[in-house]
Amino acid sequence: MDEIALHPSFAPGSAGEVELHPEEVHVWAVSLYGDSDAFAMLLAPKERERAARFRFADHQRRFQIGHGALRAILGGYLGVDPAAVDFTQGPRGKPYLSGRGPFFNLSHSGKLALIAVADHEIGVDLEKVRHLESLTAIARRHFSAFEFAALDALDDAARQLAFYRCWTRKEAYIKALGVGLSMPLDTFDVSLGEQPEFLACRDGREEPANWSLLDVSPGPEFVAAAALRARGRRLRCFRLTVA
Ligand SMILES: CC(C)(COP(=O)(O)OP(=O)(O)OC[C@H]1O[C@@H](n2cnc3c(N)ncnc32)[C@H](O)[C@@H]1OP(=O)(O)O)[C@@H](O)C(=O)NCCC(=O)NCCS
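First residue of the sequence shown: 7, per my numbering; consecutive thereafter.
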């Protein structure tokens, strides 16, 4: 993980050495730099087919590392060979473990992936921060009226971080629900400040009080959030180390 400066709260960890205790949420940071051979070996035939379809070798390599690491981490929790981990999908493509095992979700941006694992439905979203010319237009289109007004009230210096915080919190929630982009993003409000909060849900789908929003930003170049359909969980973060 030398290539990406991660926050010290991401402790080194290897797959299989960490147990998920009730009341915990784990978030693993996986560097997508380096050689992918050891990870590619763990992939199932369908994942190999997906990897082979990437046009650029670098995208293929990142996919192999991300999905190989996902198998290694989940295999570690289940106590099974990573290659034997079996996945199924929700109606809109959200991956789940077949049979027993924790909930999980994956996000990647740039050369980093995050994998969140918990005993309840979870979503994670990671974004590499970059200058966005169309930041205001994106916010106007996707944020709720409350969120857009909160963003609009900020000065230029504060606006970019607030935008990414709002964006990743909203994405994490829809990824937890597994509904993908079918769900209008303006039906619920999240906070834009340092403290992540699920403030309101106007479509009656969920009760915000039953949810936790967590800031899981792994380092200065990235903003990330996790959304969990449970309260009172302790967050533990790891950087995947490979022997
Ligand atoms: C899931 C989704 C929100 C992710 O967006 P993103 O920010 O571009 O990507 P991220 O890196 O954060 O997440 C991607 C990962 O989320 C997971 N994922 C895929 N579908 C998902 C879903 N519906 N809900 C939650 N997670 C999902 C996968 O692990 C995926 O990794 P992979 O592409 O390497 O397999 C977006 O791809 C989406 O909306 N998908 C569903 C589209 C849809 O509704 N299709 C309708 C089919 S009927």
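All residues carry an ideal CB built from backbone N, CA and C; glycine is no exception. A quick note: this is a predicted structure, and the numbers were derived from the prediction, not measured.
*Who are Q95's beta bridge partners in DSSP?*
Residue mapping note: residue 95 aligns to position 89 of the sequence shown, counting from 1. Beta-bridge pairing links Q95 to P101.
*asked:* Please report the straight-line C-alpha distance between L26 and A124, rounded to a whole angstrom.
replied: Locating residue 26 in the sequence shown gives position 20, where the first residue counts as 1. Locating residue 124 in the sequence shown gives position 118, where the first residue counts as 1. Looking at the two C-alpha atoms, the distance is approximately 7 Å.
*Between G129 and ligand 1, is the CB less than 7 Å from at least one heavy atom?*
What you label residue 129 is simply residue 123 of the sequence shown in a count that begins at 1. Yes, ligand 1 has a heavy atom inside 7 Å of this Cβ.
*Is F60 helix, strand or coil when you go by DSSP?*
Counting from 1 along the sequence shown, the entry for residue 60 is found at position 54. Residue state, collapsed to three classes: coil.
*For G129, the three-state DSSP class (helix, strand or coil)*: By one-based count along the sequence shown, residue 129 stands at place 123. In the structure shown, G129 sits in a strand (DSSP, three-state: E or B).
*Does the distance from the C-beta atom of L205 to that of A168 stay below 8 Å?*
Residue 205 sits at position 199 when you count from the first residue of the sequence shown. Residue 168 sits at position 162 when you count from the first residue of the sequence shown. Result no, Cβ atoms of L205 and A168 do not sit closer than 8 Å.
*Tell me N111's beta-bridge partners as DSSP assigns them.*
Reading the sequence shown from its first residue, position 105 is the one you call residue 111. Per DSSP, A122.
*N- and C-terminal bounds of the beta strand (DSSP E) containing A232*: Translated into positions along the sequence shown, residue 232 becomes position 226. F228 to L234 is the extent of the beta strand (DSSP E) around A232.
*Return the CA-CA distance between D209 and P190, expressed in angstroms with no decimal places.*
Here residue 209 refers to the residue found at position 203 when the sequence shown is read from its first residue. Here residue 190 refers to the residue found at position 184 when the sequence shown is read from its first residue. Roughly 10 Å between the two C-alpha positions.
*Contiguous beta strand (DSSP E) assignments of at least 3 residues, all confined to the region 185 to 212*: 194 to 196 and 204 to 207
*Considering A17, what are the terminal residues of the beta strand (DSSP E) in which it resides?*
Here residue 17 refers to the residue found at position 11 when the sequence shown is read from its first residue. Counting along the chain, the beta strand (DSSP E) containing A17 begins and ends at F16 to G19.
*CB-CB under 8 Å to R240, same chain, minus the five flanking residues each way: which ones, in chain order?*
Position 234 of the sequence shown holds residue 240. Here the set comprises E29, E30 and V31.
*Can we count L167 as close to ligand 1, meaning its CB is less than 7 Å from some heavy atom?*
Counted from its first residue, the sequence shown places residue 167 at position 161. No, the Cβ of L167 stays beyond 7 Å of every heavy atom of ligand 1.
*State yes or no: is the C-beta of L220 within less than 8 Å of the C-beta of A35?*
As a first step, residue 220 must be located in the sequence shown, where it is residue number 214. As a first step, residue 35 must be located in the sequence shown, where it is residue number 29. The answer is no: Cβ separation not under 8 Å.
*For S113, collect the residues of the same chain with a Cβ closer than 6 Å to its Cβ; drop the 5 residues on either side in sequence, then sort them by chain order.*
Taking the first residue of the sequence shown as position 1, residue 113 is located at position 107. Excluding positions up to five away in sequence, the list reads L120, V130, D131 and L132.
*Thinking C-alpha only, which one of E139, N111, R136 and A156 is nearest L183?*
Here residue 183 corresponds to residue number 177 of the sequence shown, with the count starting at 1. Cα-wise, what sits closest to L183 is N111.
_Considering Cα atoms alone, identify which of H126, D158 and E53 is closest to L141._
Residue 141 sits at position 135 when you count from the first residue of the sequence shown. Of the candidates H126, D158 and E53, the one whose C-alpha sits nearest the C-alpha of L141 is D158.
_Just to confirm my understanding: we take G225, look at its own chain, exclude 5 residues before and 5 after, and list those with CB closer than 7 Å. What are they?_
Here residue 225 refers to the residue found at position 219 when the sequence shown is read from its first residue. Correct list, in chain order: I10, A11, L12 and H13.
_Given the structure, does P88 come close to ligand 1, in the sense that its CB is under 7 Å from one of the ligand's heavy atoms?_
On the sequence shown, position 82 is the one that residue 88 refers to. Not under cutoff, so the answer is no.
*Compare the Cα-Cα distances from S115 to each of E23, T193, E200 and Y39 and report the closest residue.*
In the sequence shown, the residue the question calls residue 115 occupies position 109. Of the listed residues, the one whose Cα sits closest to S115 is Y39.
*Is P18 buried or exposed, if buried means 16 or more other CB atoms sit within 10 Å of its CB?*
In the sequence shown, counting from the first residue as 1, residue 18 sits at position 12. When all chains shown are included, P18 counts as exposed.
*Same chain, Cβ closer than 8 Å to E213, neighbours up to 5 away in sequence not counted*: Here residue 213 is taken as the residue at index 207 of the sequence shown, counted from 1. Only C207 meet the Cβ criterion.
_Less than 7 Å separating the Cβ of H114 from some heavy atom of ligand 1?_
Counting from one through the sequence shown, the residue named residue 114 turns up at place 108. Yes; taking the cut-off as 7 Å, the Cβ of H114 has a heavy atom of ligand 1 nearer than that.
*Just to confirm, does S188 get its C-beta within under 7 Å of one of the non-hydrogen atoms of ligand 1?*
Locating residue 188 in the sequence shown gives position 182, counting from the first residue. At least one heavy atom of ligand 1 is nearer than 7 Å to the Cβ of S188, so yes.
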